[in-house]
Every structure is written in structure tokens, then in C-alpha cells.
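With the UniProt record's numbering, letter number 85 in the sequence shown gets 85, and the count goes up by one each step, no holes.
Notes to accompany the following structure.
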Amino acid sequence: MNATIPSAEQARVLAKGPFPDYPFTPKTFRHPNGLVQSYLDEGQGETVLMLHGNPSWSYYWRKLVLGLRDRYRCVVPDHIGMGLSDKPDDKAYPYTLRSRIQDLDRLLEHAGVGDNLTLAVHDWGGMIGFGWALKHAARIKRLVILNTAAFPLPPAKPLPWQLKLGRDYNLGALAIRGFNAFAGGASRQGVETPMPDDVRRAYVAPYDSWKNRISTLRFVQDIPLRPGDRAWDLVEEAGKRLPDFANRPAFIGWGLRDFVFDHHFLKGFTQALPRAEVHAFEDAGHYVLEDKADVLVPAIRSFLDR
Numbered sequence: 001m002n003a004t005i006p007s008a009e010q011a012r013v014l015a016k017g018p019f020p021d022y023p024f025t026p027k028t029f030r031h032p033n034g035l036v037q038s039y040l041d042e043g044q045g046e047t048v049l050m051l052h053g054n055p056s057w058s059y060y061w062r063k064l065v066l067g068l069r070d071r072y073r074c075v076v077p078d079h080i081g082m083g084l085s086d087k088p089d090d091k092a093y094p095y096t097l098r099s100r101i102q103d104l105d106r107l108l109e110h111a112g113v114g115d116n117l118t119l120a121v122h123d124w125g126g127m128i129g130f131g132w133a134l135k136h137a138a139r140i141k142r143l144v145i146l147n148t149a150a151f152p153l154p155p156a157k158p159l160p161w162q163l164k165l166g167r168d169y170n171l172g173a174l175a176i177r178g179f180n181a182f183a184g185g186a187s188r189q190g191v192e193t194p195m196p197d198d199v200r201r202a203y204v205a206p207y208d209s210w211k212n213r214i215s216t217l218r219f220v221q222d223i224p225l226r227p228g229d230r231a232w233d234l235v236e237e238a239g240k241r242l243p244d245f246a247n248r249p250a251f252i253g254w255g256l257r258d259f260v261f262d263h264h265f266l267k268g269f270t271q272a273l274p275r276a277e278v279h280a281f282e283d284a285g286h287y288v289l290e291d292k293a294d295v296l297v298p299a300i301r302s303f304l305d306r
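Structure below.
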């Protein structure tokens, strides 16, 4: 697909804008299965690959892109079913972690992303990114880690009831797909400083119908908790391999008011990456880049420049 011609889904969602601090023209990549994936490709220089989670999209990374693109190449995909990418049904796309990793591999090949990249991850982006790294660790030069996971749920951390409801019960699935409970709730509960209304609308804009909320539910249903779950083997292996990155520069930015990725997950990363530069905030939530962009963007820029 010609990257200068917006896809139908890009045009549909962007028509709901303008979205604050998102002055970008997304590109497109058509996968062999025909699905169109949207991504940002901004700036030149060493690549910073930014992977979002659920229920956000590339909009989450916008301020970091603006703070880096004068010197770095920022590649920021919207996962299939998310953001400005196509939102297929289950017959057209298997919503699994393995599919996400395969999508990322194809996209990076298409975009010509080489070695010496910085892997920046948030939420499910950690499991996708470190799952991709199982075969491509040598291509990763640095890490930027924001409220995420790259290993199974720590034994001392119970799965929050909100996720359990969505993962295991029809009532939770109805709330997520019928009432946008996950994306809408995250836009309010994922921050300590309330989002401006136009920013909150940008977060939920892609997820405006039952059909278009399929991925926000499938991500929750794919949470691996035990052997036999579809994503378990990948996440377990990523956790075992995480200490292999301890010799590489790592930056950790963490909102301690995150009720999912809390201090248990932060401890998992600091134990595996003891030399990491850690910025933890008592007054920030899951969307730590929303609460602390003014601090984190220059701090990450300084980390990369060093």
C-alpha cells in the first residue's frame, strides 16, 4: 500500500480529531493476510521502536516522538485491532501474542529497521517487544521500560479483579465490548492528573463500537497466567532471558499508582536489570507518560544521547 494514501481506518479515526500533540502522518503496511497496519515513522538516526499496549495506541508515545525525532528515527506501530490499524474479526485474524510478534517482525522488515535499535515498551508492548527479542536480542542496543511486563505475573501479585472479570467472564466481555469499559476506564483511572477532555477523546476514538473494541477484549483474554495458556511459553521464556539484557543501557520510568503493573513488576525489572536508570513516581499511574511527560521526555532524551 502506498504510504502516502491513508487507509480507510486511518481516515475514519483521524476524522474524529484533531488530536492534541499528534501532528503526524501515519504510514501503512499491508500484511500478507491483507490487513493494513498503521505506524509512525518520524525522524532520522538510530531507531527508537516504541510499542504500546492495551487499550492505548501510538498516541501514547506522541510526546516522546516529538522530543526525539530531530535526532532519532521513531517507529511506532499500532497493533492490529488497535489505533489506526485495521480491526478484523476473529475469522480474519488470530488475536494472540504470537501473531503480534509476527506482525512486528514483518513490519520492521518492511520499514527497513536494522540493528542498534532502542526498544521502548509499555503495557503489552513489553510482552510483544521482549517476545520479538527472543530471536532478535542482538539487534537491541538499549531499553526504555515504562509500566509493563516481560515475565509472568509475579507470585505475590494477584490478578486485579477488573482484569479477571474481563478475562474469564461473559459479563466482563460485555462491559468491554458493549460499553468500552476498558478503554474508557483506563483513560480516567490510568492517570493521577486527569486528562484534558480532548486527550481522553483521542485515547478512546479508535474504539467506538462493539466491532472496533474486539482487540481491547482479546488482549485481556490472552493474559497468560499458567502453563497451557496461549501466551505462556513466550512470556515465560522472555522472563528467563530478561537478565541477558543486564549489560545493556536501560531506562525504567514507572508510575507507582498503577494497580496492575505495580511495585511487584518494577521489582522484577530492577532485579533482572540491576544497572538500569530508574525513575519511579509516587504520583503517577499506568499512563506514566501522561502524568510525567515533562520529566520523562527530557530524561529519556538525555539517556539516549549519553
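Yeah, the Cβ is synthetic: ideal placement off N, Cα and C, and Gly gets one too.
Values in this document were obtained by computation on a predicted structure and should not be read as measured data.
With a cut-off of 8 Å on the beta carbons, I'd call residue i and residue j a contact; round off their distance for me.
i: Ala250; j: Leu117; result: The Cβ separation is near 14 Å, so there is no contact.
i: residue 309; j: Leu40; result: Coverage of the chain is limited to positions 1 through 306, which leaves residue 309 absent and any answer about it impossible.
i: Leu119; j: Ala133; result: 7 Å
i: Asp103; j: His136; result: Rounded, the Cβ-Cβ distance is 14 Å, inconsistent with contact.
i: Lys141; j: Arg248; result: 7 Å
i: Trp232; j: Arg241; result: Wrong, their Cβ atoms sit about 15 Å apart, outside the cutoff.
i: Leu64; j: Leu289; result: 7 Å
i: Glu42; j: Arg69; result: 4 Å
i: Val113; j: Val75; result: 6 Å
i: Gly239; j: Ala150; result: 6 Å
i: Asp123; j: Ser58; result: That pair is no contact at about 13 Å.
i: Thr216; j: Ala183; result: 6 Å
i: Met50; j: Leu97; result: Wrong, their Cβ atoms sit about 18 Å apart, outside the cutoff.
i: Val295; j: Gly67; result: So it is not a contact: roughly 12 Å between Cβ atoms.
i: Leu107; j: Pro77; result: 6 Å
i: residue 367; j: Leu273; result: A query on residue 367 cannot be resolved here, the shown segment of the chain reaching from 1 to 306 and no further.
i: Tyr287; j: Val191; result: 5 Å
i: Asn147; j: Phe261; result: 4 Å
i: Pro20; j: Asp198; result: 5 Å
i: Gly125; j: His31; result: Not quite, the Cβ-Cβ distance comes to about 19 Å (not below 8 Å), so this is no contact.
In or out: residue i buried (at least 16 other Cβ within 10 Å) or exposed?
i: Ile145; result: buried
i: Ile5; result: exposed
i: Gly178; result: exposed
i: Ala8; result: exposed
i: Ala259; result: Before going further, note that residue 259 is Phe rather than Ala in the sequence given. Exposed, since its Cβ has fewer than 16 Cβ neighbours within 10 Å.
i: Gln44; result: exposed
i: Ala175; result: buried
i: Ser209; result: exposed
i: Arg100; result: buried
i: Arg213; result: buried
i: Ala186; result: buried
i: Pro18; result: exposed
i: Trp161; result: exposed
i: Arg73; result: buried
i: Gly129; result: buried
i: Pro194; result: exposed
i: Ala283; result: One point to set straight first is that residue 283 is Asp, not Ala, in the sequence displayed. Exposed: under 16 other Cβ atoms inside 10 Å.
i: Asn54; result: buried
i: Gly166; result: buried
i: Ala156; result: exposed
i: Gly228; result: exposed
i: Lys27; result: buried
i: Lys16; result: exposed
i: Lys91; result: exposed
i: Asp105; result: exposed
i: Lys211; result: exposed
Which residues does DSSP list as the beta-bridge partners of residue i?
i: Ile145; result: Val121, Ile252
i: residue 309; result: With the chain running from 1 to 306 in the structure shown, residue 309 is simply not present.
The ligand FAD heavy atoms versus the CB of residue i: any closer than 7 Å?
i: His52; result: In the structure shown, the ligand FAD is absent, as is every other ligand, since no ligand is present at all.
Is residue i close to chain B? Criterion is C-beta to C-beta, closer than 8 Å.
i: Asp305; result: The structure shown contains no chain B; it holds only a single protein chain.
Secondary structure, alpha helix (DSSP H): runs of 4+ residues fully inside the region 27-91: Listed in chain order, the alpha helix (DSSP H) runs fully inside the region 27-91 are 62-68, counting runs of at least 4 residues.
Length-filtered (3 minimum) beta strand (DSSP E) runs lying within the region 225-306: 250-255, 277-281, all fully within the region 225-306.
Given 8 Å, three or more beta-carbon pairs between the region 8-15 and the region 84-91: Contact between the region 8-15 and the region 84-91 is present, because at least three Cβ pairs lie under 8 Å.
Contact the region 215-230 vs the region 195-204: 3+ CB pairs below 8 Å: Output reads no: the region 195-204 does not touch the region 215-230.
At least 3 beta-carbon pairs within less than 8 Å: the region 292-305 vs the region 266-276: By the Cβ rule, the region 292-305 does not count as touching the region 266-276, because fewer than three pairs are nearer than 8 Å.
Contact between the region 277-284 and the region 167-184 (3+ Cβ pairs under 8 Å): Three or more beta-carbon pairs separated by less than 8 Å are not found between the region 277-284 and the region 167-184, which leaves the two stretches without contact.
Contiguous alpha helix (DSSP H) assignments of at least 4 residues, all confined to the region 145-202: Counting only runs of 4 or more, we get 161-168, 170-179, 181-189.
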